[in-house]
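Inspection log for the structure reproduced underneath, given as structure tokens.
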Amino acid sequence: MKKYTQAQVKECIDRAAKVAATGQNMRDIYNGIVSNDPRSLSSISFDEAGKMIKTTYADFKDQVFVTASRLSKLLSATAPGTIVAIKLKNSPRWPVVFWALLMCGHSPLLIDAKLAKENTDNLLTQAKAKAIITSDEEKFCVPSYRWNDIAAEEADYQFRPDWANHVIFCSSGTTGDAKMMVYTGKNLVSQILAAIDIDKSNLDIIHPGKIRNFAMLPFHHIFGFVAVYLWYAYYGKTHVYPASQSVQDMLYAIKKAKCTHIYSVPLLWDKIAQNVNVTIASMKHGFSDVFSRMIAYNTGKISKKEAGLGANKHINGMLKKKVLGKNVEFCISGGGFLSPKTQYSINGLGYPLYNGYGMTEIGIACVELSPDVDVRLRGSIGKPFHGYEFRIVDSNGNVNDNPVATGELQIKSPVVHNREIIGGVMKYVSFKDGYFPTGDIAYRNEEGQYFLRGRIKDTIILSNGENVYPDEIESYFKDVRNLNNVVCLGAKLPGEDEEKIVLVCEVDNSVTPETLLKIHDDIKAINATLPSEKKVQQVLINKRPLPLSGSMKVKRFMIKKAIEDGSADYIGFNSKKKKAVSFDGFDQKLVNETVARVTKVFAKVLALPEFKIEPDADWGKDLGGDSMSYIDMAQTLNREFKVDIPEELWGQLMTVNDFAKEILTLLK
């Protein structure tokens with residue numbers, strides 16, 4: 001990385017200090033963003049043809065004002081100070097709509113772009129939202145406006161901003177009571193100030209030079225909004241948006257735009273690490289040995305002399321070029337447990353991967369910032385950011401002030417939300433001693449670093465009283481070849497009274513009976529090396545992709561319930577294939593037409609010829625689809641057929657026939 005003078009660094013970091021001297025409202029944050037160099041790039045995006053589209057901060061400022069003036073007309077019958085939802089995927093338009101809503105006096109309710117209609121209506125109703133800005137075509141329980149509706153309004157250049165000062169994040173969109181956290185301008189100014197002395201630990205994360213942050217994490221999520229968007233917009237950096245969430249489009253955008261910063265959830269890093277490890281293992285011995293030595297050298301395990309060709313920058317560059325390109329300077333994993341093996345592999349590629357921590361309720365609280373790879377590989381989430389205080393509380397509710405401690409992590413900060421929307425009413429909330437109970441088990445070492453052990457609610461309590469943390473156990477099995485994903489949990493199998501440690505596997509799409517046997521043998525071999533209290537007691541295969549939340553975490557509670565309810569989706573290693581889909585009761589001509597249209601969507605999303613897609617071919621196991629492209633495909637089918645496939649069926653419908661029957665049922 002380029003060297004910078006102390007004056008240059010100070011000028012960059014001092015931007016945060018400037019917002020502290022304001023009224024600390026959302027307007028002040030926006031003014032800070034648009035006071036950046038008007039010629040610098042606010043965003044780089046790509047159209048479907050791969051053409052790069054650039055937007056400057058001057059363009060962005062103009063777009064926000066014009067959009068706000070148009071929205072003020074569209075929402076003229078909606079009282080100022082009311083809530084309007086944003087349900088959009090990441091794109092250069094997302095921040096324009098976000099700031100425009102605030103500018104015309106409405107508090108944005110941030111909703112997952114993938115959330116089903118039923119769940120969206122539930123959020124809108126509970127928040128008493130008055131309208132929604134969305135790209136979805138279906139009608140919601142409040143008036144909805146699409147980008148074309150906004151653009152069709154005539155701009156009012158006499159428009160006078162009347163700023164709102166609240167942003168609402170949702171931690172759930174399912175039926176029933178949703179949790180909605182209200183952030184004020186002061187909360188989010190405090191979040192910007194949390195990074196005020198970050199340069200003292202590591203200048204790579206934010207520096208005066210060119211930074212291009214890949215905007216993959218959805219902005220409705222606190223990790224995406226703060227760590228990807230807010231911090232870097234405030235410092236005048238560039239956000240890069242891919243044409244779609246397909247792996248091909250994302251890799252194209254990362255490399256073409258020369259992204260320097262990539263922040264994501266553990267699932268992405270696990271996938272990259274697994275693919276790289278499989279690629280290296282399949283090479284001829286001479287090549288695989290060179291790349292294995294390269295990873296060992298980059299992680300400080302061997303000397304330059306021992307690494308030989310593995311220490312050669314050209315060799316390292318060759319592998320990087322095939323993965324995320326050669327411009328990446330800083331990576332963060334957040335939103336879940338990061339496997340030590342994954343951390344070793346990604347850092348070994350020469351991509352500095354750091355582990356961070358945050359929650360919807362508390363913002364982004366810390367990240368390990370040590371440039372020393374040995375420290376990063378310990379798996380620490382670092383120390384509290386500026387303005388954050390951590391404490392460890394034992395199971396009896398007593399604060400453990402010892403330097404070394406394990407217990408529930410509780411957090412205090414001016415960033416932590418102090419208002420929630422409950423039953424459509426905004427109410428103040430408070431926490432004991434001002435500390436928010438995270439529900440996470442953490443360990444603090446003598447150096448003041450924190451390490452996550454797992455969620456309290458996920459902890460498996462064995463019959464002997466021993467506590468087992470499933471995140472740790474599943475990390476041992478993540479690198480088993482031909483496994484797409486794996487999750488560990490405690491569940492009572494049908495007919496049994498005690499919880500067992502259960503490992504649930506999502507099997508690779510190309511698996512054969514022989515490979516399945518090898519997977520089982522590999523799992524048993526790893527299990528044999530574990531201490532008795534950590535040994536897996538039951539191994540199951542999920543016939544569907546593991547269900548994921550909007551933040552790409554595996555939904556343990558759904559899997560646990562399904563297993564305990566005796567679901568046929570969770571089977572042993574020698575189970576039979578599922579029965580064929582029956583279309584009894586449907587017109588055969590309509591069935592054929594629907595199957596053909598669904599096949600076209602499968603082919604487009606998977607970039608496969610239609611003749612290769614059999615009606616009963618499994619999306620993951622047979623066709624090679626992944627979780628992200630599955631979501632894209634399901635949303636495309638909803639638009640194509642003007643239906644709303646229930647989100648709870650996502651991950652259960654896996655073939656063309658599965659989707660065709662569900663669509664015909666919905667249309668009927």
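Residue numbering for the sequence shown follows UniProt numbering, beginning at 1 and increasing consecutively. Idealized CB from N, CA, C, for every residue including glycine.
| query | result |
| --- | --- |
| Cut-off 8 Å between Cβ atoms - residues of its own chain near E446, not counting five sequence neighbours on either side | P403 and V404 |
| Inter-stretch contact at 8 Å, needing at least 3 Cβ pairs: the stretch 188-195 / the stretch 224-241 | yes |
| Cβ neighbour criterion (16 or more within 10 Å) applied to P531 | exposed |
| Nonlocal neighbours in the same chain, by C-beta distance under 7 Å from I332, ignoring five residues either side | A227, Y263, Y354, G356 and V367 |
| Alpha carbon of I456 to alpha carbon of L489, nearest angstrom | 12 Å |
| Cα-Cα separation, D471 to L590 | 47 Å |
| Same chain, Cβ closer than 6 Å to H520, neighbours up to 5 away in sequence not counted | F573 |
| Close beta carbons around residue 677, own chain, < 7 Å, minus the five adjacent residues each side | Outside the shown range of the chain, which is 1 to 668, sits residue 677, and nothing can be said about it. |
| Residue interval of the beta strand (DSSP E) (run including F214) | R212 to F214 |
| Classification of T665 by the beta-carbon crowding that lies within 10 angstroms, buried from 16 upward | exposed |
| Under the three-state DSSP convention, the category L608 falls into | coil |
| Per DSSP, cross-strand counterpart(s) of D440 | R455 |
| T599, DSSP secondary structure in three states | helix |
| Per-residue burial, E474 [other beta carbons within 10 Å of its own, 16 or more giving buried] | buried |
| Chain-order list of residues whose beta-carbon lies under 6 Å from that of L503 (same chain, five-residue window excluded) | C488, V536 and V539 |
| Cβ distance (whole Å) where V441 is taken to contact E408 below 8 Å | Just to set this straight, residue 441 is Ile in the shown sequence, not Val. Right, their Cβ atoms sit about 6 Å apart. |
| Extent of the continuous beta strand (DSSP E) run through N485 | L483 to A491 |
| In DSSP terms, what K500 is bridged to | A491 |
| Whole-angstrom distance between H239 and E306, CA atom to CA atom | 40 Å |
| Distance between beta carbons of G350 and N316, contact taken as under 8 Å | 5 Å |
| 6 Å CB neighbourhood of A253 in its chain, flanking five on each side removed | F46, V240 and P242 |
| Straight-line Cα distance separating L115 from T175 | Any reading at T175 is ruled out, since the residue's pLDDT is 49, under 50, leaving its predicted position unreliable. |
| Helix, strand or coil at E137 according to DSSP, with G and I counted as helix | coil |
| N- and C-terminal bounds of the beta strand (DSSP E) containing Y232 | No beta strand (DSSP E) holds Y232; the alpha helix (DSSP H) holding it covers W231 to Y234. |
| Residue burial classification, Q6 (beta-carbon count within 10 angstroms, cutoff 16) | exposed |
| Buried versus exposed call for Q248 [16 or more other C-beta atoms within 10 Å across all chains shown] | exposed |
| Beta carbon of Q63 nearer than 8 Å to that of V84 | no |
| Cβ-based neighbour list, M552, same chain, cut-off 6 Å, excluding 5 preceding and 5 following | V265 and L267 |
| Unbroken alpha helix (DSSP H) run spanning I519, endpoints | P513 to A528 |
| CB contact flag (N312, G348, <8 Å) | no |
| Own chain, CB closer than 8 Å to K668, minus 5 neighbours either side, in chain order | F586 |
| For P108 and K61, the rounded distance between their alpha carbons | 18 Å |
| Burial state of E499, where buried means 16 or more other Cβ atoms lie within 10 Å | buried |
| Boundaries of the alpha helix (DSSP H) in which Y4 is found, first to last residue | Note, Y4: premise wrong, no alpha helix (DSSP H); not H, not E. |
| Own chain residues within Cβ distance below 7 Å of T56, not counting five before or after | P38, R39, S40, L41 and S42 |
| Stretch-stretch touch, CB-based, cutoff 8 Å, three pairs: the stretch 179-187 with the stretch 200-218 | no |
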